[in-house]
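J.:
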Amino acid sequence: MLHSKKLVPYTFLIVPLILYLIWVIGPMAYTFYLSLTKWDGLSEPVFRGLANFERLFRDPIFFTSLKNNLRWIISFITIPVVLGLGLAIALNRAIPGAKFFKASFYSPLVLSLVVSGLIWSWMYHPAGGLINSVLRAVGLDNLARGWLSEETTVMWAIIAVAIWRQVGYVMVLYLAGLQGVDPQLIDASKVDGANAWNTFRHVIFPLLAPVTVIVVVISIIDSLRAFDLVSVMTRGGPYNSSSVLANFMYIEAFNNYKMGYAAAISVILFFISAVFIFIYLWRVTQDELEY
Amino acid sequence: MSTSKFFSSPWRTLGFFLLLLITLIWLLPFFTALLTSVRTNDDILTQGFIAIPKEWTLRNFVTAWTRGGLHQYLPNSFIITIPALLGTLLLSSLSAYALARFRFPGNRLLFFLYVGGTMLPFQVLLLPVFRLTDALGLYDTHLGIILFHTAFQLGFCTFLLRNYMRTVPGEILEAARIDGCGEFRIWGQIMMPLTLPALAALATLEFTWIFNDYLWAIVLLRTDALKPVTAGLATLQGQYVTDWTVIVSGALIATVPTVLLFIFLQRYFIEGLTLGASK
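Just so you know, the protein sequences line up as chains S and E, in that order.
Residues in the first sequence are numbered consecutively from 1, following the working numbering.
Residues in the second sequence are numbered consecutively from 1001, following the working numbering.
(1) Quick check on valine 1168 of chain E: does DSSP put it in helix, strand or coil?
(2) Determine whether the Cβ of proline 35 of chain S lies closer than 7 Å to any Cβ atom of chain E.
(3) Check phenylalanine 47 of chain S in the structure and name its three-state DSSP category.
(4) In terms of alpha-carbon separation, which member of S:Asn132, S:Val115 and S:Ile119 lies closest to alanine 144 of chain S?
(5) Going by C-alpha to C-alpha distance, which of S:Ala103, S:Phe276 and S:Glu252 sits closest to leucine 1126 of chain E?
(6) What's the call for valine 1062 of chain E, buried or exposed, on a 16-neighbour Cβ count within 10 Å?
(7) Distance, Cα to Cα, serine 1092 of chain E vs phenylalanine 1269 of chain E?
(8) Does chain E have any CB closer than 7 Å to the CB of alanine 88 of chain S?
(9) Would you tell me roughly how many angstroms separate the C-alpha atoms of isoleucine 1253 of chain E and leucine 1275 of chain E, rounded to the nearest one?
(10) What do you get for phenylalanine 1211 of chain E, buried or exposed, if any count of 16 or more other CB atoms within 10 angstroms of its CB means buried?
(11) Between the Cα of proline 1053 of chain E and the Cα atoms of E:Ser1037, E:Cys1157 and E:Tyr1097, which residue gives the shortest distance?
(12) Suppose you measure from the CA of methionine 259 of chain S to the CA of leucine 175 of chain S; what does that come to, to the nearest Å?
(13) Is it buried or exposed, aspartate 228 of chain S, if we count other Cβ atoms within 10 angstroms and call 16 or more buried?
(14) Mind checking the segment 1051-1074 of chain E against chain S and listing, in chain order, the residues whose C-beta falls within less than 8 Å of any C-beta there?
(15) With hydrogens ignored, establish whether the beta-carbon of alanine 1051 of chain E is closer than 6 Å to any heavy atom of the ligand NAP.
(16) Closest to tryptophan 164 of chain S by C-alpha separation, out of S:Tyr106, S:Phe63, S:Val244 and S:Ala127, would be which residue?
(17) Below 7 Å on C-beta distance, what does histidine 125 of chain S contact in chain E?
(18) Thinking glycine 177 of chain S and leucine 208 of chain S are a contact (beta carbons under 8 Å), I'd like their distance in whole angstroms, please.
(19) Just to confirm, are phenylalanine 12 of chain S and alanine 1098 of chain E a CB contact at a threshold of 7 Å?
(20) In whole angstroms, what is the alpha-carbon distance linking alanine 188 of chain S and isoleucine 95 of chain S?
(21) Suppose only complete runs of 4+ residues qualify. What are the alpha helix (DSSP H) ranges in the segment 130-180 of chain S, listed by chain order?
(22) Where valine 24 of chain S and arginine 1067 of chain E are concerned, what is the direct C-alpha to C-alpha distance, given to the nearest angstrom?
(23) Would you report the Cα separation of valine 114 of chain S and valine 191 of chain S, rounded to the nearest angstrom?
(24) Can you list, in chain order, the residues of the segment 1025-1047 of chain E whose Cβ is nearer than 8 Å to any Cβ on chain S?
(25) Would you mind telling me which residues of chain S sit closer than 8 Å to tyrosine 1270 of chain E, beta carbon to beta carbon, in chain order?
(26) Quick one: any contact between the segment 1205-1225 of chain E and the segment 1147-1154 of chain E, if contact means 3 or more CB pairs under 8 Å?
(27) For threonine 199 of chain S, which residues in chain E fall below 8 Å Cβ to Cβ?
(28) Are the segment 239-258 of chain S and the segment 151-165 of chain S touching, with three or more C-beta to C-beta distances below 8 Å?
(29) Given that tyrosine 1139 of chain E touches chain S, what residues does it touch there, using C-beta distances under 9 Å?
(30) I'd like to know whether the C-beta atoms of isoleucine 77 of chain S and serine 219 of chain S end up nearer to each other than 7 Å.
(31) State the DSSP-derived secondary structure class of phenylalanine 1152 of chain E, mapped to helix, strand or coil.
(32) I'd like the ranges of any alpha helix (DSSP H) spanning at least 4 consecutive residues and lying wholly in the segment 1098-1157 of chain E.
(33) Between the Cα of glycine 317 of chain S and the Cα atoms of S:Asn92, S:Ser104 and S:Val161, which residue gives the shortest distance?
(34) What did DSSP end up calling threonine 234 of chain S once you bin it into helix, strand or coil?
(35) Rounding to the nearest angstrom, what Cα-Cα distance links leucine 87 of chain S and methionine 171 of chain S in this structure?
(36) Please compile the residues from chain S whose C-beta is within a distance smaller than 8 Å of the C-beta of valine 1241 of chain E.
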């Protein structure tokens, strides 16, 4: 089945590969060099060894960002996974209006994060926003607050938007996974007298385990990439309380012109992600090893 | 199951209404945005959000489109997205064919390189790509950002198409070879038509992704007149800080292309998402 005329594959590969090496692989390698330099973006980078990393590990904003990314990850691998799985199971059967329900949960996915961020910023608005208006209307005035201007709520308010978007995606993946579950197995467990919860726990959930692994890994990688929402909604404020690594990096690079320092932040981001990318690659290519 | 039979069980009925409630909550941001866009800022300021508007208006859309600059930003989004989309689909279908159908040294390595590149936090590429566009004289040009999107999306597209192309039975290709068909003709006349379902799914998804990109637009473009709608909206937000009716109207206009795409090609969009994650 596989053909082996020597040069043919390379003629197909050459153009895309050159483009990919120039714009993706090359730059990735160059980031590592930049992280060891002092560079303002205009003059030539000057080699400084590990100075950027030493500074980074003493920078409180770095640890705030790291903590916020961690909050993002933990929220992402719990709430959307539970909700997405629940919805997938509920909508995987003949239910009136299933199409409408599914489309409603997919719909946030087609909005850009910028648009989502703007609409939610307005919903969080302290005076005219929907959330505070509803709270005041039902007499819960003391719960109304500046969701995006208070340090204690801001990060969670942003993560909530990300979750709003993510649930539909997780649901899509589980719905696809459920297509692969043999209905006979579920019937068999019912014949054996298992109730709905036991069928879920001992039959459906284990069968969906490969989907769950992919969902969790994708959620973690997405959490580490988070940038747009923070950038549009708060730019990391107030007092860096909603800063995440990607946003911290952007500000150091393009507002403070400390590009070497910013490169060091992205190198850290790279190493954290690499662990999970490796798990993902290992999963998706497992059956490749046969040939 | 018929509708009446479905609602014959009280538990199912309860579950149904719970689901309906969650769904309506999920759609609240859309309702909020739509309701806001047809009101005046003064009306919201004086009456509060929960009130029957004294006047309805479409002026916010006009303001966002003209003075807010969306008449410029939205076409820019297409100018960037369409060439990048076509470029990346063409090039990735070439490399995917090579990876799916030929055994050669480095095949596995290249595959890993493409998949790994897709999963990277793209911030890792930010500064070098910024520098590269500058060095090539492509900073603050549409060509620069088009080339970058084309190259960066190659990873995901190659990964997905390669897996799809591997499912095509080899006999079809072998038969063409025996008839003396060249490899590029086999790719163009046999493989590509067979790959159309995957290409359609991928195109829908990639359109949305490139169209919705924000980070690269703010890093690689500086001139306001060149910005796509995502970056443009951020500018608009700064310009109309306190007038949320205009900001939200602008946001709604910006979503029209992807929402239309979703309405007409929902099936492909969902297929793309699934293919991407599970192969």
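By construction, the Cβ of each residue, glycine as well, lies at the ideal position given by its N, Cα and C atoms.
T.: In short:
(1) Within the second sequence, the letter at position 168 stands for residue 1168 of chain E. Reduced to three states, the DSSP call for valine 1168 of chain E is coil.
(2) For the purposes of this step, residue 35 of chain S is taken as residue 35 along the first sequence, with counting starting at 1. Position check: residue 35 of chain S holds serine in this sequence, whereas proline was assumed. Cβ-Cβ to chain E under 7 Å: no for serine 35 of chain S.
(3) Position 47 of the first sequence holds residue 47 of chain S. Strand, per DSSP.
(4) Translated into the one-based positions of the first sequence, residue 144 of chain S becomes position 144. It is S:Asn132.
(5) Locating residue 1126 of chain E in the second sequence gives position 126, counting from the first residue. Selection S:Ala103, S:Phe276 and S:Glu252 evaluated against leucine 1126 of chain E yields S:Glu252 as nearest (Cα-Cα).
(6) Numbered from its first residue, the second sequence carries residue 1062 of chain E at position 62. Residue environment: valine 1062 of chain E is assigned as exposed (fewer than 16 neighbouring CB atoms within 10 Å of its CB, all protein chains considered).
(7) Numbered from 1 along the second sequence, position 92 holds the residue referred to as residue 1092 of chain E. Numbered from 1 along the second sequence, position 269 holds the residue referred to as residue 1269 of chain E. Cα to Cα, the separation comes out at about 19 Å.
(8) Position 88 of the first sequence, counting from 1, holds the residue named residue 88 of chain S. No, its Cβ sits nowhere closer than 7 Å to a Cβ of chain E.
(9) In the second sequence, the residue the question calls residue 1253 of chain E occupies position 253. In the second sequence, the residue the question calls residue 1275 of chain E occupies position 275. Each residue's alpha carbon lies about 30 Å from the other.
(10) Counting from one through the second sequence, the residue named residue 1211 of chain E turns up at place 211. The residue is buried, with at least 16 neighbouring Cβ atoms inside 10 Å.
(11) Reading the second sequence from its first residue, position 53 is the one you call residue 1053 of chain E. With distances taken between Cα atoms, proline 1053 of chain E lies closest to E:Ser1037.
(12) What you label residue 259 of chain S is simply residue 259 of the first sequence in a count that begins at 1. What you label residue 175 of chain S is simply residue 175 of the first sequence in a count that begins at 1. Between the C-alpha atoms of methionine 259 of chain S and leucine 175 of chain S there is a straight-line separation of about 43 Å.
(13) Counted from its first residue, the first sequence places residue 228 of chain S at position 228. It is buried - the Cβ of aspartate 228 of chain S has at least 16 other Cβ atoms within 10 Å.
(14) none
(15) In the structure on display, the ligand NAP does not appear, and there are no ligands present to speak of.
(16) Mapped onto the first sequence, residue 164 of chain S falls at position 164. Checked all of S:Tyr106, S:Phe63, S:Val244 and S:Ala127; the closest Cα to tryptophan 164 of chain S is S:Tyr106.
(17) Against the first sequence, residue 125 of chain S aligns to sequence position 125. The contacting residues are Trp1244.
(18) Your numbering for residue 177 of chain S matches position 177 in the first sequence. Your numbering for residue 208 of chain S matches position 208 in the first sequence. With 8 Å as the limit, glycine 177 of chain S and leucine 208 of chain S qualify as a contact, their Cβ atoms being about 5 Å apart.
(19) Within the first sequence, residue 12 of chain S is the residue found at index 12, counting from 1. Within the second sequence, residue 1098 of chain E is the residue found at index 98, counting from 1. In this structure, alanine 1098 of chain E lies closer than 7 Å to phenylalanine 12 of chain S by Cβ.
(20) For the purposes of this step, residue 188 of chain S is taken as residue 188 along the first sequence, with counting starting at 1. For the purposes of this step, residue 95 of chain S is taken as residue 95 along the first sequence, with counting starting at 1. Near 22 Å, if we compare the C-alpha coordinates of isoleucine 95 of chain S and alanine 188 of chain S.
(21) 130-137 and 154-179
(22) The residue you call residue 24 of chain S lines up with position 24 of the first sequence. The residue you call residue 1067 of chain E lines up with position 67 of the second sequence. Straight-line spacing of the CA atoms in valine 24 of chain S and arginine 1067 of chain E works out to 37 Å.
(23) Here residue 114 of chain S refers to the residue found at position 114 when the first sequence is read from its first residue. Here residue 191 of chain S refers to the residue found at position 191 when the first sequence is read from its first residue. A straight-line Cα-Cα distance of about 50 Å links valine 114 of chain S and valine 191 of chain S.
(24) Trp1026, Leu1027, Leu1028, Pro1029, Phe1030, Thr1032, Ala1033, Thr1036, Ile1044 and Leu1045
(25) Counting from one through the second sequence, the residue named residue 1270 of chain E turns up at place 270. This sequence places isoleucine at residue 1270 of chain E; tyrosine is not what is there. Residues of chain S with a Cβ closer than 8 Å to the Cβ of isoleucine 1270 of chain E are, in chain order, Tyr106 and Val172.
(26) yes
(27) Numbered from its first residue, the first sequence carries residue 199 of chain S at position 199. Within 8 Å Cβ-Cβ: nothing; threonine 199 of chain S doesn't reach chain E, min ~16 Å.
(28) yes
(29) The residue labelled residue 1139 of chain E in the question sits at position 139 within the second sequence. Those within 9 Å of tyrosine 1139 of chain E in chain S number zero; the least Cβ separation is about 11 Å.
(30) To locate residue 77 of chain S, count along the first sequence from 1; it is residue 77. To locate residue 219 of chain S, count along the first sequence from 1; it is residue 219. Cβ atoms of isoleucine 77 of chain S and serine 219 of chain S: closer than 7 Å.
(31) One-based indexing of the second sequence puts residue 1152 of chain E at position 152. Helix at phenylalanine 1152 of chain E.
(32) Here the runs fully enclosed are 1107-1119 and 1123-1135.
(33) No information on residue 317 of chain S is available, as it lies outside the stretch 1 to 291 that chain S covers here.
(34) Taking the first sequence and counting its residues from 1, one reaches residue 234 of chain S at position 234. DSSP places threonine 234 of chain S in coil when its eight states are reduced to three.
(35) The sequence position of residue 87 of chain S within the first sequence is 87, counting from 1. The sequence position of residue 171 of chain S within the first sequence is 171, counting from 1. When rounded, the distance between both Cα atoms is 6 Å.
(36) Within the second sequence, numbered from 1, the residue matching residue 1241 of chain E stands at position 241. Chain S residues near valine 1241 of chain E: none, gap ~11 Å exceeds 8 Å.
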